[in-house]
Structure formats: C-alpha cells, structure tokens
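Residue numbers (this note's numbering): 1 to 123. Take a look at the structure set out below.
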C-alpha cells in the first residue's frame, strides 16, 4: 500500500469517526422545538385551569428561554391575560403593549377585545 493510499484511508476514517461523534453529541434540532412547545402548552394549560400564578411563572420563563420563538406573540398575549386575571393590570398592560409593538400585524389582534386593547393605553 502506498503512503498516499494509507493517508487517504486514515483521513477518511478519521473524518467519518469525527462526523459520527459530532452527530452523537449534538441533540436533534427538533428537541429544542419540542421542549419549547411543551413548555408553552404547560403555561397555556395552567391558564385554562385557572392557575394564573403558575401560568405567569411558566410563560415568563418560556419567554426568557425562547425569545426568538415563532409563537412569541401567543406567549406575550397569554402572559398579559394571566396578569390581568390576577388583577395586575400594570403588568398586563406592559405585556400587551409589548405584544402590540412587536407584532402590529398579528392576526391575533383582531380577536382581542376593546377593553383589553385600551388597557395598554392606560399605563
């Protein structure tokens, strides 16, 4: 076997081994999305069950952990609703204002009632 063949075989083998190791060490991309979705659903479920303080904690942490989420508008909306339900209008207004400023074209805006829209203007 010539030195060139030996070098090519060792290089190919090393590259293949490094590729396999790297793929084993890297979590699948969808794992992040599953965690993101599960956490959001957990927060929404807490809201729907009337456990608003849990919804607030879960959704605030979710927003911090996934600030680039494709459903961040929903997270901001439900967090604002959760604060509103516990009587904290100032925080509700803060999050609904953030929702309006970041997502002025969101189709979700059409579903928000007039009083909740005005809440943002009062604070």
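A virtual CB, placed ideally from N, CA and C, is assigned to each residue, including glycine.
Can the beta-carbon of residue i be found closer than 9 Å to that of residue j?
{"i": "residue 103", "j": "residue 92", "result": "no"}
{"i": "residue 62", "j": "residue 69", "result": "yes"}
{"i": "residue 65", "j": "residue 42", "result": "no"}
Sort the options by Cα distance to residue i and report the nearest one.
{"i": "residue 100", "options": "116, 87 and 89", "result": "116"}
{"i": "residue 72", "options": "33, 113, 114 and 46", "result": "33"}
{"i": "residue 56", "options": "111, 88, 35 and 37", "result": "88"}
{"i": "residue 112", "options": "44, 45, 81 and 90", "result": "81"}
How many whole angstroms separate the CB atoms of residue i and residue j, which I take to be in contact at a CB cut-off of 8 Å?
{"i": "residue 59", "j": "residue 79", "result": "4 Å"}
{"i": "residue 76", "j": "residue 95", "result": "5 Å"}
{"i": "residue 120", "j": "residue 97", "result": "4 Å"}
Ranges of the alpha helix (DSSP H) found wholly within the segment 41-121, counting only runs of at least 4: 52-65, 72-85 and 89-102
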